[in-house]
Structures are given as C-alpha cells and as structure tokens.
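**Q** As given, the protein sequences belong to chains A and B, one line each in that order.
FYI, our numbering numbers position 226 of the first sequence as 224, with every residue one higher than the one before it.
FYI, our numbering numbers position 188 of the second sequence as 183, with every residue one higher than the one before it.
Glycine included, C-beta positions come from ideal geometry on N, C-alpha and C.
Mind looking over this structure? Questions follow.
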Amino acid sequence: MDDWVFRVDELTKSYGDDAPLANDGITLQIRPGEVYGLLGPNGAGKSTLVKQVIGLLEPTKGSITIGPYDLVADPDHARQLCSYLPQAQMPIASFKVREAIEIAGSIRGGGGADVKRRTNELIEALDLGEWRDTLGAKLSGGVKRLVGFAMTSVWPGKLVILDEPTNDVDPLRRRMLWAEIRRLGEAGTAVLLVTHNVLEAEKSVDRLAIINEGRLIAEGTSSSLKATDSGSLRLQVMLAPGTETPALPEFVRFEGRVGHNLVSAITESDASAGIAWAQRLMAEGLAEEYALGATTLEDAYIRLTGHVSEEL
Amino acid sequence: MTAVADSVRVPARQRGAAFWLHGFGSMLRWEMTRLRLLLPITALVQTFTGAGLVLGIGLFFEEMAPRIALYLASGAVVISLVTVGLVMGPQLVAQQRQEGSYDFIVSMPVPRSASLAAWLVLNSVVALPGIVGAVLVAIWRYDAAFHVSIVIVPATLLTLVAGVMMGHAYAHSVPEPLMVGLISQVLIFVIFGFSPISYPVENLPDWLGTLHRYLPFMHMGNVVRDGLTDGLVSDVGFSYGVLSAWTLAATLVAVVVAKRRG
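Here you go:
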C-alpha cells in the first residue's frame, strides 16, 4: 500500500527582505480520506501556501510532499497529483456543463469512458441534471460554483484543494456538495479546504488549522480547539442601529463587533447576570435582541486571530 | 467499483509521447470549446479585414498598380497570420488574469508545450480564411499576378509561429493585465501603420527603415511575399534569419516563464 500522506514541512515563503514572511515555518499533514480545513483572515498566507503546493510559487524554505514524491522539485508532477478549485469562477462561459466537466477530466488524465461515467455520477450527485446541456454563461453563480467543483473532482488525483467551494451555493446543494467532498475522502483522496467561513468549517472538516500572519497558530479537531473555551458561553447582542458599543460589565469578555452584532463571552456561572445585562440594554433601547449559546469554533478563531469571520 | 474510486487511482508520474498527445488533444478540445463563440466571428472578421485591406486601400488610388496590389495582399496575409497569436491571445490571457481563472488554467496537468501546440493549431485554422480572402480579392480586383511557390509553406508557418511565440512570451511574462492590453494595442498600431508589411520599406524614413531591419514585422512581410510573388523580395535569407532569431528568443522567454515560479 502506497503512503499518500500530504506533508508540508517548515514551509517558509518570503516575497522580499523587507516584506513580512507570507508563510513562516508552516508544518501540517493531511492523510488520505481526511478533510482538512485551512482557516485564516484575508492576507494570512492561505493562498501563498496553496500556490506553492501546485507549483505556481517556489518556497523559500521547507518541503511539500505527497507520499514519496517531492512536489517542490517536480511541479509538473505536483499538478498531476493535485487538483485545484480557485476562489474565482471557472472560465466556462462557452462550455456546456457536461462538456466542462468531461474536458476537465480528460485534461486531468482520465480516459474517455471513465470520465463520462464519473461526469454523470457528479451531475447526478450535485443535482445538476437540468443544466447538463446549458452553457456556462447562462448559469447562476451557485450552479457555476458546483460545476467548478465537479471539474476539480472529476479526476481528482491524491489531493483536492478547494478554495471557498460553497460560495454562492444554496443550502440544499451545499449539503450535496459536502456529501461529495466526503465521498472523495472515502475514495482515498486528501482534501484541503481553504475558507474563512468558520462556522461551516466547524461542521464539515475532520481537522483544521488556523493561520494568521503567515504562521500556523493552532491545529486540531474543532472540539480540541474549542477546549479552552469550555465552561464559557457566547453572548451575542444585536445593538440598535446607530448605537455605540456600550460599556461592558467586568464579567463580559468582548470578542468583536460586526456591524450591529456585538459578540462576547461569559462563564457559565454568569449566565443569568449576562441575560439581565442584555435585557437591560434592550430596555434602554440600546439593543434589539440577544442570544446566549454554546461557544463555537468562531470563539476560538476570534481569540486566536483577533479577527471576526465575515459570516458571523 | 464506482466511478469515483476509478478516478483517484493515480498512476506513476506521467511523461512521454502518449501523455503529451493526450494533453495536446484535451487542450485542443478545451481551447476550441472555450472560443467556440469567438472563433467563427474572428475568422469572419479576418476574412473581411484581409479582403477589406486590399479593397479599402485601393480606393485611395484611381488606378492601382498590380505591384501595389501584390504588396497589399501579402501584407493582409501577414496580418491574418499574426493577429490572433500576437494580439488576441495575449488579450485573452490578460482577461483570465483579471477574472482570476489564470491560476486554474496553469494548474492543469498538461505539458506547456502541448498546450502551446494546441494554441498554434487553432491559430492556423483561424488565419486561413483571411489569407484566402486577401489573395482572392487581389486577383479578382487588380489582376494581381501571384507566383505561389512551395516556400509559402515554411514562410506562413514561420510567421505564424513567430507571432504566437512572441504573443505567448509577453502575455505570460507581464503579470499586469492592463499592461498586456496596452502592449497589444501598441502592436496593432505599429503593425498596421508603421511597419513595411503592406508597402515597400523605401516608403519609410531611413531611420525607421533601419529599425525595421531588426524588428520582425517587415521580415514577416518579406518571407510571405517571397512565397506569393516573383521579383519583389531580395535578400530573403536575411529575413528568415531575423525572423527565426525573434522566434527563438520568444520561445526561450516562453520556456523560462513556464519554468519560473514566483
């Protein structure tokens, strides 16, 4: 049995002596069958990492391997072993859905009959049948995204890299997409999922890493990353429009504010005091509603990066 | 076994002739599909440009000497040969960079030479109608006396390859899409207006004529004219030399760019 583990070891990328390191000693491993999330705010170094994997950028230091194969030394081989869904939409305006997937499969090295079979399987699994012969130019953003995913996974190789695969995809088809990503794993491919949608990643990945300012600052399962927050609750207050962030009582830990949404954490024993505080804000007309709930990966993410994910 | 299980079986590192041919075939299909809406229009426009150039400029003269018609027709052939490779291709690459799909295209596991070869084949197909249009109009309208010889084959091939390679070189080595657009505009301007492709180099000021001895455009005109006519071109060997040097240099740039990683 071949060893197909994807390994990144001490990967460092510098864009010049004056610039901060875009990747700074990143080490991680993804086993075949594993769905691995790579989270981080914009500019954290996620794209730089991905571009080094598929041979578009050359690492300053460190190594990238799949099993026995050195991807840095042989970028052509890297492209045979890894398939890549970029964040941007695929250039398929003049392709029918079926054609786009089939030709991509052929380019990725699949044979005619096998690729046809796999294309049909994907069209069915992602519920794309009604657009089978529709030109890309006429597809909605979400359907186009699914076609892009199908083009990437029709003949995937040993590592599939998906950059924000669920963008624009409706909730129903999102579930189908995740099921297909799972099936890739079951078939033995490693999946690297790049995203800044923390909540979705929490539900969908086996393990994840958080990178910030080029460094990998946390890695593990979603529960292990949340462990530090155990005993904490999340108190979210929707402030009234035009309201300044109010002064917080001592037992309320400020985590961030997105628009009118104030996110904070309190310990479980302070739950009733937290509710009383939130209700007082509502009574004073400073807030419109509040929610108290279990901490999520989002809280760990905010604590580690100092950033609030956009999908809050 | 399901299709997905088949699809993740990766054989050993692919290389060799069969792999190259598979990549070439797939890329040809990819390019033809990608441009299926644009190509027929381009071919049509090329035909009209070829014929129109010969006819249109003819309107400036009451009586056009067959010699001038020969110049115009062979110039139109050259323009048909290089437009897609030197101008349209780079603009498409710039567009891919702008919309963010460039990284996907270059992440595809196809030998660069195979995708370039596919692009070259596509270029020759699109250039063909323009060539035929220009020559036919020149014969019909001005009784242009073409003497087509077998050297038209290497001449058109070299001109086509030179245009494609030079276009590929600047499209992929200049990362800024706006800059690529600008270069392509300048090239159109220089080729149509200020290159002795459709007229003799003696019509230009001396300094510009001298400059064109070292640029590729005049020599494209010379080698094509040499294959289409008799007695209009001298020292065609020098033209082949300069044009080959440009093609080689552009190919070297293309190879370096393909191997280069940021």
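Output needed in chain order: residues of the region 99 to 115 of chain B with a Cβ under 8 Å from some Cβ in chain A.
**A** F99, I100, V101, S102, M103, P104, V105, P106
**Q** Could you please tell me which residues of the region 10 to 39 of chain B, in chain order, have their CB closer than 9 Å to any CB of chain A?
**A** R10, F14, H17, G18, G20, S21, M22, R24, W25, T28, R29, L30, R31, L32, L33
**Q** Tell me the DSSP bridge mates of F252 (chain A)?
**A** A:S262
**Q** For G232 (chain B), which three-state DSSP category applies?
**A** helix
**Q** Answer yes if the region 101 to 118 of chain A comes into contact with the region 39 to 52 of chain B, meaning at least three C-beta pairs across the two stretches below 8 Å, and no otherwise.
**A** no
**Q** Closer than 7 Å by C-beta to M(-1) (chain A): which residues in its own chain qualify, once you throw out the five before and the five after it? Chain order, please.
**A** Any reading at M(-1) (chain A) is ruled out, since the residue's pLDDT is 46, under 50, leaving its predicted position unreliable.
**Q** For L312 (chain A), tell me which candidate among A:S222, A:L83, A:G53 has the shortest Cα-Cα distance.
**A** Absent from the structure is residue 312 (chain A), since the part of chain A shown begins at -1 and ends at 310.
**Q** Would you say the region 267 to 276 of chain A touches the region 227 to 246 of chain A, given that touching needs at least three Cβ pairs under 8 Å?
**A** yes
**Q** Kindly list the residues whose CB is nearer than 7 Å to the CB of G128 (chain B), restricted to its own chain and excluding five residues on each side of it in sequence; keep chain order.
**A** Contacts found: T42, G45, A46.
**Q** Per DSSP, what kind of secondary structure is E200 (chain A) in: helix, strand or coil?
**A** helix
**Q** Consider the Cβ of S96 (chain B): report whether some Cβ of chain A lies at a distance smaller than 8 Å.
**A** yes
**Q** Can you pull the chain A residues whose beta carbon is under 7 Å from the beta carbon of Q91 (chain B), in chain order?
**A** P89
**Q** For W135 (chain B), tell me which candidate among B:V40, B:A68, B:L23 has the shortest Cα-Cα distance.
**A** B:A68
**Q** Shorter than 8 Å from the beta carbon of G84 (chain B) to some beta carbon of chain A?
**A** no
**Q** Using a C-beta cutoff of 8 Å, does H194 (chain A) count as contacting chain B?
**A** no
**Q** What number of angstroms, rounded off, separates the C-alpha of G103 (chain A) from the C-alpha of S144 (chain B)?
**A** 44 Å
**Q** Find out if the Cβ-Cβ distance for the pair D161 (chain A), E32 (chain A) is shorter than 8 Å.
**A** no
**Q** Alpha helix (DSSP H) containing G176 (chain B): first to last residue?
**A** 172 to 188
**Q** Can you check whether the C-beta of V156 (chain B) is within less than 8 Å of a C-beta belonging to chain A?
**A** no
**Q** If you measure between the beta carbons of V73 (chain B) and I183 (chain B), is that distance less than 8 Å?
**A** no
**Q** Restricting to Cα atoms, I'd like to know which of A:P89, A:G107, A:D74 is closest to E56 (chain A).
**A** A:D74
**Q** State the start and end residues of the unbroken beta strand (DSSP E) segment that holds R5 (chain A).
**A** 4 to 11
**Q** Could you tell me whether the Cβ of V169 (chain B) comes closer than 8 Å to any Cβ of chain A?
**A** no
**Q** On the premise that P154 (chain A) lies in contact with L182 (chain A), defined as a C-beta separation below 8 Å, what is that separation, rounded to the nearest angstrom?
**A** 6 Å
**Q** Please name the residues in the region 195 to 209 of chain A whose beta-carbon is closer than 9 Å to at least one beta-carbon of chain B, in chain order.
**A** none
**Q** According to DSSP, simplified to helix, strand and coil, what is A188 (chain A)?
**A** strand
**Q** For A42 (chain A), which of helix, strand or coil comes out of DSSP?
**A** Three-state result, A42 (chain A): coil.
**Q** If you drop the 5 nearest sequence neighbours on each side, which residues of the same chain put their C-beta closer than 8 Å to that of Q50 (chain A)?
**A** L9, K11, N21, E56, P57, I62, V70
**Q** I want to see whether chain A comes within less than 8 Å of G128 (chain B), judged by CB atoms only; does it?
**A** no
**Q** Which same chain residues, not among the five before or five after P244 (chain A), have their C-beta less than 7 Å away from its C-beta?
**A** L279, L284
**Q** Ordered along the chain, which non-local residues of its own chain (more than five positions away) have a Cβ less than 8 Å from that of V185 (chain B)?
**A** F212
**Q** In its own chain, which residues sit with a C-beta less than 8 Å from the C-beta of I147 (chain B), not counting the 5 before and 5 after it?
**A** If you ignore the 5 residues before and after I147 (chain B), its C-beta comes within less than 8 Å of the C-beta of V219, G222, L223, all in its own chain and listed in chain order.
**Q** Would DSSP call I300 (chain A) helix, strand or coil?
**A** Here I300 (chain A) sits in helix by DSSP.
**Q** For E97 (chain A), decide whether its Cβ has a neighbour in chain B, counting only Cβ atoms nearer than 8 Å.
**A** At least one CB of chain B lies nearer than 8 Å to the CB of E97 (chain A).
**Q** Residues bridged to E217 (chain A) by DSSP?
**A** A:A207
**Q** Looking at the C-beta of M(-1) (chain A), does it have a partner C-beta in chain B at a distance below 8 Å?
**A** Caution applies to M(-1) (chain A), whose pLDDT of 46 falls short of 50 and renders its modelled position unreliable; the value that the coordinates give is listed next. For M(-1) (chain A), the answer is no, since every Cβ of chain B falls outside 8 Å of its Cβ.
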